[in-house]
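Read the structure below first, then the notes.
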Amino acid sequence: MKVLVHIDDAERWQEALAERLPEADIFTSAAPAERRREADYLAAWKPPESLLSEPLALKGIVNLGAGVDALLNNPGLPAGVPIVKLRDAGMAEPIGDYVRYGLLHFQRDFDRYRRQQHVRQWHEHAPVDKADWPVGVLGLGAIGARVAAMIATDGFPVHGWSRSPKSLEGITCHHGDDGLAALLGRVKSLVLLLPDTPATRHIIDAEALARLPEGASLINPGRGTLIDEAALLDALGEGEAEGRLRGALLDAFPAEPLPAASPLWGHPRVWVTPHMAGPTPLGAALDQVAEALRAFAAGEPQATVDPDAGY
Ligand code: GLV
């Protein structure tokens, strides 16, 4: 099988993939056009439209990330080619740690203590037990389900939400529009781990934010498009005094890098991180990519992306 690889650092992926698939001919998108045209499979992260628009006769695509939004939104994407994406692949654990950091940040009042430090104020806040800090996790795919389990193990009551019904041990699962409204009404922190699809865009809008209890906090290691930014800023209010929404820890934005002019950068109760929550460990990702390519070549059934659902 011939595999075309496109990602930053493609040579490293090419080499490591060749070790796992010695029978395959693997080359990067820097190869000449005639060679690219021979590819049976494409393994890529955010390939440019120009590459996807080339006359490639692809039998399958492996998305070198968990989110397929960039790929599905690419106008050059050939129709009908099956797509396999990374599932967890070592990303869930660091994302879980990111979420843990955010939860402890608010639950143990680190945001308040930071502000107090600025004015040299020594004042202890009454602690709230983790058992009294319900957390909502929107999105129960490979990553969301694992993150929900991690924080449930930590002792937070966890409410999970997915579009269709799911049942996960130790998690109170909700689904559908009514389930979402019920979940929003009872959580102190809301974690977003949904894919970016037409159905999830701005799922956190003014109405959703208004359903959250006063003083709730938001943690988004998912996708920036899930949030209506104007509604978020409105719910946060201005300045250091806590608004209806206490604070937000944000790792993903509709446009990345987050534009310098974005008011989120300077908001005193917003923490901005540069899409770093879920680094992809090369080893775990490559194992999945090799497995997907082998399954494609052998014609074995495997879970593929549903382009209509968007994930
Ligand atoms: C990263 O955001 C990914 O989708 O893997």
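Going by the working numbering, the sequence shown opens with residue 394, and the numbers climb by one from there.
In this text, a Cβ means the ideal position worked out from N, Cα and C, and glycines have one as well.
Just so you know, these numbers come straight off a predicted model, no measurement behind them.
H399, enclosing beta strand (DSSP E) - first and last residue: Within the sequence shown, the letter at position 6 stands for residue 399. Counting along the chain, the beta strand (DSSP E) containing H399 begins and ends at 395–399.
Within the same chain, show all residues whose beta-carbon is closer than 6 Å to that of L573, passing over the 5 residues directly before and after it, in chain order. On the sequence shown, residue 573 is found 180 positions in, with the first residue counted as 1. Answer for L573: W554, listed in chain order.
For the beta strand (DSSP E) containing V663, name the first residue and the last one. Taking the first residue of the sequence shown as 1, we reach residue 663 at position 270. Looking at the DSSP string, the run of the beta strand (DSSP E) that includes V663 is 663–665.
- Task: With DSSP as the reference, label L583 as helix, strand or coil.
- Result: Walking along the sequence shown from the start, residue 583 turns up at place 190. Strand, per DSSP.
Practice problem: Could you tell me the boundaries of the alpha helix (DSSP H) in which R639 lies? | Solution: Stepping through the sequence shown from its first residue, residue 639 is reached at position 246. It is not in any alpha helix (DSSP H) - R639 instead sits in the beta strand (DSSP E) that spans 638–643.
ask   = Leaving out five residues before and five after G495 in sequence, what residues of the same chain have Cβ atoms less than 6 Å from its Cβ?
value = Here residue 495 corresponds to residue number 102 of the sequence shown, with the count starting at 1. If we look at G495 and ignore the five residues flanking it on each side, its Cβ neighbours are I612, L642.
Q. Can you tell me whether G671 is buried or exposed, with buried defined as 16 or more other CB within 10 angstroms of its CB?
A. Residue numbering aside, residue 671 sits at position 278 when the sequence shown is read from its first letter. It counts as buried.
* In its own chain, which residues sit with a C-beta less than 6 Å from the C-beta of D418, not counting the 5 before and 5 after it? -> Against the sequence shown, residue 418 aligns to sequence position 25. Correct list, in chain order: K395.
Exercise for the section: Using the Cα positions of D433 and A690, report the straight-line distance between them to the nearest angstrom. Expected result: Position 40 of the sequence shown, counting from 1, holds the residue named residue 433. Position 297 of the sequence shown, counting from 1, holds the residue named residue 690. Answer to the nearest angstrom: the Cα atoms are 9 Å apart.
Exercise. Compute the Euclidean distance between the alpha carbons of E633 and W658, then round it to the nearest angstrom.
Key: In the sequence shown, the residue the question calls residue 633 occupies position 240. In the sequence shown, the residue the question calls residue 658 occupies position 265. Using only the alpha carbons, I get a separation of about 14 Å.
task = Provide the residue(s) that pair with H660 in DSSP beta bridges, ordered along the chain.
result = Sequence index remark: in the sequence shown, residue 660 carries index 267 (1-based). DSSP, once it has assigned bridges, lists no residue as partnering H660.
#### Entry: Span separating the alpha-carbon of A601 from that of R428
Locating residue 601 in the sequence shown gives position 208, counting from the first residue. Locating residue 428 in the sequence shown gives position 35, counting from the first residue. Approximately 50 Å, taken between the alpha carbons.
- Task: Provide the residue(s) that pair with K478 in DSSP beta bridges, ordered along the chain.
- Result: Your numbering for residue 478 matches position 85 in the sequence shown. N456, per the DSSP bridge assignment.
Express the C-alpha separation of W515 and K439 in angstroms, rounding to a whole number. Position 46 of the sequence shown holds residue 439. Position 122 of the sequence shown holds residue 515. Taking the straight line from one Cα to the other gives about 49 Å.
Cβ-heavy atom distance, G563 to the ligand GLV, below 6 Å: As a first step, residue 563 is located in the sequence shown; it is residue number 170 there, counting from the start. Incorrect: G563 has no Cβ contact closer than 6 Å to the ligand GLV.
* Of the residues E408, P415, E431, A437, the one placed nearest I400, counting alpha carbons only -> Numbered from 1 along the sequence shown, position 7 holds the residue referred to as residue 400. That would be A437, whose Cα lies nearest to the Cα of I400.
#### Entry: Every unbroken alpha helix (DSSP H) inside the segment 536–597 [4 residues or more]
569–577
Worksheet item: Which whole-angstrom value describes the C-beta separation of V663 and G640, a residue pair presumed to lie in contact below a C-beta threshold of 8 Å?
Response: Position 270 of the sequence shown holds residue 663. Position 247 of the sequence shown holds residue 640. Going by Cβ atoms, the distance from V663 to G640 rounds to 7 Å, so yes, they are a contact pair.
When you compare the CB positions of L465 and P647, do they come within less than 7 Å of one another, or not?
Residue numbering aside, residue 465 sits at position 72 when the sequence shown is read from its first letter. Residue numbering aside, residue 647 sits at position 254 when the sequence shown is read from its first letter. Their beta carbons are not under 7 Å apart, which means L465 does not touch P647 by this criterion.
| message | Which residue wins for smallest C-alpha separation from K452, given the options A654, E442, L435? | response | In the sequence shown, the residue the question calls residue 452 occupies position 59. Of the candidates A654, E442, L435, the one whose C-alpha sits nearest the C-alpha of K452 is L435.
### Message
Would you say the beta carbon of G458 is closer than 6 Å to some non-hydrogen atom of the ligand GLV?
### Response
The sequence position of residue 458 within the sequence shown is 65, counting from 1. At least one heavy atom of the ligand GLV is nearer than 6 Å to the Cβ of G458, so yes.
- [ ] Measure the Cβ-Cβ separation of H668 and A645 and say whether it is below 7 Å.
- [x] If you number the sequence shown from 1, residue 668 lands on position 275. If you number the sequence shown from 1, residue 645 lands on position 252. Cβ distance < 7 Å, so H668 and A645 count as in contact.
Checklist line | C-alpha gap between L585 and L479, whole angstroms | finding: Locating residue 585 in the sequence shown gives position 192, where the first residue counts as 1. Locating residue 479 in the sequence shown gives position 86, where the first residue counts as 1. Between L585 and L479, the C-alpha separation is close to 18 Å.
For S610, three-class secondary structure by DSSP:
Along the sequence shown, read from residue 1 onward, the residue named residue 610 stands at position 217. S610: strand per DSSP, three-state reduction.
>> Please give me, in chain order, every unbroken run of the alpha helix (DSSP H) with length at least 4 that falls completely inside the segment 473–538.
In response: 485–500, 503–511
With 16 other CB atoms within 10 Å as the buried threshold, where does H511 fall? In the sequence shown, residue 511 corresponds to position 118, counting from 1. Exposed, because fewer than 16 other Cβ atoms sit within 10 Å of the Cβ of H511.
message: In the DSSP assignment, the alpha helix (DSSP H) including D462 goes from what residue to what residue?
response: Within the sequence shown, the letter at position 69 stands for residue 462. Looking at the DSSP string, the run of the alpha helix (DSSP H) that includes D462 is 462–465.
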